[in-house]
Amino acid sequence: MAGSNPLCACHWRANRALRLASRLLLPLGISGLVLAGCSSDSTDNEGSGGTGSTYTCTHATDTYEVGLSKMTGKGMFELMLMDADPAPPAKKENTWMVHVKDADGNDVAGATLTVNPNMPEHGHGSTQTTTVTDMGDGMYELKPVYLQMAGYWAVPITVTMGTDTDTAQFDFCVAP
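Okay, here's the thing in structure tokens:
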């Protein structure tokens, strides 16, 4: 009788155990691979922000310099990166001083700035929220501009003044 064969029951239990284990372990293995792809460790060479180092990103990035200027998409505002600590921008906490001018070159004080650092190639943003402090005369302190890992970082800054809203983006290659 096939149903009373202990060997068949043993094989059935073993196959069932393997199927159950594969259902549990496969998602864990895939999760591990996904997380490894977002690891903050890297074996690439040193360098950051286009400073002449050997570390490179696949996306075109800005070269950090005091006064690095970006016009917003609609041409309403000009944003100038007046200071970065550390300079060039690096992994972890950064503090930026940004000067905002209107299209006529006048300082823009009292605006609302929104900062959204993100890694488009990885599909995630920063793990910390950037606080913006109006320092007067069109100067704004952005802290922390948190770049938690090496790679290409897009840092869009949206300026809202009254009913005018426009965005400029700084792009940096952050070294390991």
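In my numbering, the protein residues as written are 203 to 378. Every residue, glycine too, gets a C-beta built ideally from N, C-alpha and C. Note that this is a predicted model, so its numbers are computed, not measured.
Burial state of residue i, where buried means 16 or more other Cβ atoms lie within 10 Å
i: histidine 326; result: exposed
i: glutamate 280; result: buried
i: threonine 274; result: buried
i: alanine 262; result: exposed
i: proline 332; result: Checking the displayed sequence, the identity of residue 332 turns out to be threonine instead of proline. Buried, since its Cβ has 16 or more Cβ neighbours within 10 Å.
Span of the beta strand (DSSP E), counted from its first residue to its last, around residue i
i: cysteine 375; result: 366 to 376
i: proline 322; result: No beta strand (DSSP E) contains proline 322, which DSSP labels as neither H nor E.
i: threonine 335; result: 333 to 338
i: alanine 356; result: 353 to 363
i: serine 271; result: 270 to 273
i: histidine 301; result: 297 to 304
i: methionine 278; result: Premise fails: methionine 278 is in no beta strand (DSSP E) and is neither H nor E.
Close-in-space but distant-in-sequence residues of the same chain around residue i (CB under 6 Å, 5 per side omitted)
i: methionine 282; result: Gly269, Ser271, His301
i: asparagine 308; result: none
i: threonine 314; result: Thr362
i: valine 317; result: Thr332, Leu344, Ile359
Of the residues the options, the one placed nearest residue i, counting alpha carbons only
i: threonine 367; options: Thr297, Asp264, Ala305, Ala292; result: Ala305
i: alanine 292; options: Thr265, Ala313, Thr362; result: Thr265
i: valine 310; options: Ala377, Asp339, Glu267; result: Asp339
i: proline 322; options: Ala352, Pro288, Leu344, Val334; result: Ala352
i: aspartate 336; options: Thr365, Gly312, Glu295, Pro319; result: Gly312
Spatial neighbours of residue i in its chain, beta-carbon cut-off 8 Å, leaving aside the 5 residues before and after
i: aspartate 373; result: His261, Ala262, Thr263, Asp264, Tyr354, Trp355, Ala356, Val357
Contacting residues, own chain, Cβ-Cβ under 7 Å from residue i (five flanking each side not counted)
i: lysine 276; result: Asp368
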